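The next block holds one structure in the form of structure tokens; read it before the comments.
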Amino acid sequence: MARSAQSILVTALLAAGLAAAAAAQPVITGIQSSELPRSGRVAISGSGFGSAGEVFIAGLPALTTTWTGSRVVAYVPEAAPLGSAPLYLVVGGEQSNEVALTVTARQPQGRVRWTFEADSSDLWYRPALAPDGTLYLHCNGAVDGFIYALSPDGALLWIQTVDWYPYAPPTAGPDGTLYVGSIYTLWAISNQGEILWQFEDPSAQGIQVAPTVGPDGSVYGGFDLGIGAFALDAASGALQWSNRGDPPMHDYGSPFGTEVLFGPSTPGGPIDQLYMHQNNYSGGPVYAFSLDGDQRFATGLGGDIAHEPVLDTDGRIYAPSFAGSAGWAVQAIDPSNGQTLWIYDPANGNGMEELAIGPDDTLYVVTPGHLEAVDAATATRRWLNPTYYVMDRPSVTPDGTTLVLSGVPDYGDPGFVKAFSAATGEELWTVGLPGDPYPGFRVLGTDHPRITPDGATAYVSTFTVADGSPPADPRSYLFAIELDPTPPDSIFSDGFESGDTSAWSATVP
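Add 369 to a position in the sequence shown, counting from 1, and you land on the number used in the working numbering.
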């Protein structure tokens with residue numbers, strides 16, 4: 370008997386529906402690693418992933434960052450049991466096939482206590498550190514900026530997204546509130562990952578001075594052009610004052626992301642002044658503002674200077690300068706009037722220098738191939754170490770005993786983290802960062818290491834580079850490094866000796 374037109378239509382519709390359902394089912398074809406620690410990053414490839422969904426590992430929902438039709442990045446839940454765990458996706462109610470993942474505990478690797486892998490090729494700025502030890506990272510994602518909250522032992526607590534990548538370092542307030550900035554917007558985010566408020570200056574090119582809670586509880590920062598320096602109410606984000614600066618505050622080139630400094634205008638007095646700095650055409654001045662927003666001075670540094678100054682215990686200001694006889698120098702500034710107190714020419718003044726200052730007011734100056742200590746009171750050298758390394762911004766432990774900084778033996782090499790004695794300049798230990806020399810994939814440190822108040826741990830942000838085509842799986846790392854002198858060096862640098870790269874054969878973890 371011939372089938373009716375109606376039954377034929379129903380059959381066709383059912384077949385089309387089944388075909389559509391089959392086409393929509395997500396399929397996992399691979400993961401970048403079959404064994405990962407808790408809070409480890411897993412890149413999942415396949416098809417039919419859609420634009421959003423959920424990832425489950427050991428039956429637990431996993432935090433995710435990147436999500437495209439063929440690639441998803443997720444993180445192993447901290448609650449996942451150790452051992453074999455099924456991983457699958459659910460998209461639009463459809464479950465993918467399962468793949469096996471072995472979950473392990475985080476393990477120290479020599480001096481490296483733990484490593485966190487961010488879904489980004491760069492962590493340009495050091496992490497924010499809240500009073501309870503929580504770490505916050507802000508990095509560039511494929512579309513948005515990713516913000517990660519980590520516990521002191523490396524556990525991933527939450528992920529938030531904001532528009533685009535960081536223009537300035539993240540900072541944490543005394544109550545754990547996180548402040549981040551990108552382009553012309555800054556956000557306040559609770560310690561649970563909730564966006565509390567945001568403030569925008571559409572007239573600005575970008576936020577260049579990190580939003581930071583001051584001694585009076587207000588949030589201070591600075592925009593490139595636009596309203597310039599500003600203070601906001603920490604509870605609501607309402608503008609309290611703004612000052613464009615004279616000359617107007619602006620940045621030259623890419624965002625360098627400096628930080629606010631607070632100090633007294635007179636030695637031993639109350640903290641009543643803040644300092645901001647941007648890299649610009651006006652001699653890179655250091656701006657001093659009262660906490661009410663009045664500009665007190667703007668002292669030029671003789672060139673387009675990119676990095677922030679430091680303060681000693683009496684509030685005097687020391688800044689990278691281009692006023693030395695050979696070019697780069699250190700300039701000391703009187704906080705009461707902005708007058709230059711002295712200019713110090715470092716051992717190698719023909720390249721950008723970086724500064725740190727210890728609790729005893731010793732200045733530590735890094736120039737290409739050299740590290741030296743300078744007495745801030747007398748502008749005289751205490752010691753000089755011609756390291757021959759290319760090193761970045763240093764940090765000093767709270768007790769003033771140890772310098773920690775990242776760098777490379779030479780351009781094109783994988784990076785390292787080194788510690789030096791603050792008293793003598795002697796090199797104490799090295800942690801080699803993973804990777805291979807040019808043109809291979811390699812990891813390099815960036816920004817000042819963030820050191821915990823007890824001086825036990827340094828958190829080092831990194832970026833990754835590979836010459837050639839863009840990496841299919843971009844990622845970068847935060848390293849938690851033990852500062853005690855007794856642990857062995859990292860396994861990444863087995864056989865490494867200062868200035869020798871022949872033994873480097875490490876792979877990215």
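For each residue, glycine too, the CB sits at the ideal point set by N, CA and C. Just so you know, these numbers come straight off a predicted model, no measurement behind them.
Item	Value
8 Å Cβ cutoff met for Ser-490 and Phe-515	no
Exposure of Val-396, with buried meaning 16 or more beta-carbon neighbours within 10 Å	exposed
Inter-residue Cα distance where the pair is Ala-849 and Gln-574	34 Å
Residue range of the unbroken beta strand (DSSP E) whose run includes Val-367	Outside the shown range of the chain (370 to 878) lies residue 367, about which nothing can therefore be said.
Cβ-based burial, Val-512 [other Cβ within 10 Å; buried from 16]	exposed
Residue of Leu-660, Gly-637, Ser-587, Thr-581 minimising C-alpha distance to Gly-626	Thr-581
Residue from Leu-547, Leu-519, Thr-540, Thr-554 with nearest C-alpha to Trp-533	Thr-554
For Asp-501 and Phe-425, the rounded distance between their alpha carbons	30 Å
Counterpart residues of Val-582 in DSSP-defined beta bridges	Val-588
Extent of the continuous beta strand (DSSP E) run through Gln-700	696 to 702
Residues sharing a beta bridge with Asp-744, DSSP	Thr-731, Thr-749
The beta strand (DSSP E) enclosing Ala-499, as first and last residue numbers	Run containing Ala-499: none; DSSP gives neither H nor E here.
DSSP state of Ala-393 mapped onto helix, strand, coil	helix
Alpha carbon of Val-442 to alpha carbon of Gln-529, nearest angstrom	14 Å
Residue closest to Lys-787, alpha-carbon to alpha-carbon, out of Asp-593, Ala-449, Val-759	Val-759
At least three beta-carbon pairs within less than 8 Å, the stretch 465 to 482 to the stretch 436 to 450	yes
Sub-8 Å separation of Leu-670 and Gln-700 beta-carbons	yes
Element boundaries [beta strand (DSSP E), containing Asp-641]	640 to 646
Close beta carbons around Gln-609, own chain, < 7 Å, minus the five adjacent residues each side	Ser-587, Ala-600, Leu-601, Asp-602
Nearest-angstrom Cα separation, counted from Ile-712 out to Ala-745	11 Å
Boundaries (first-last residue) of the beta strand (DSSP E) holding Ile-528	525 to 531
Cross-strand partners of Ser-690 (DSSP beta bridge)	Ala-698
For Ala-657, the three-state DSSP class (helix, strand or coil)	strand
Expected contact under 8 Å - CB spacing of Leu-594 and Gly-632 to nearest Å	At roughly 26 Å, the Cβ-Cβ gap does not stay under 8 Å, so Leu-594 and Gly-632 are not in contact.
Every unbroken beta strand (DSSP E) within the stretch 431 to 503, with a cutoff of 3 residues, ordered by chain	433 to 436, 440 to 444, 452 to 460, 468 to 473, 481 to 487
Cβ pair Pro-538, Ala-487 closer than 8 Å	no
Rounded C-alpha distance that separates His-817 from Ala-454	38 Å
Contact between the stretch 804 to 818 and the stretch 772 to 786 (3+ Cβ pairs under 8 Å)	yes
Nonlocal neighbours in the same chain, by C-beta distance under 8 Å from Gly-597, ignoring five residues either side	Gly-591, Ser-611, Asn-612, Arg-613, Gly-614, Pro-617, Met-618
Residues near Pro-728 by beta carbon distance below 6 Å, same chain, minus five either side	Gly-769
Helix, strand or coil at Ala-716 [DSSP, three-state]	coil
Residue from Arg-495, Gly-417, Leu-492, Thr-484 whose Cα sits closest to the Cα of Val-328	Residue numbering for the chain in the displayed model covers 370 to 878; residue 328 lies beyond these limits and cannot be assessed.
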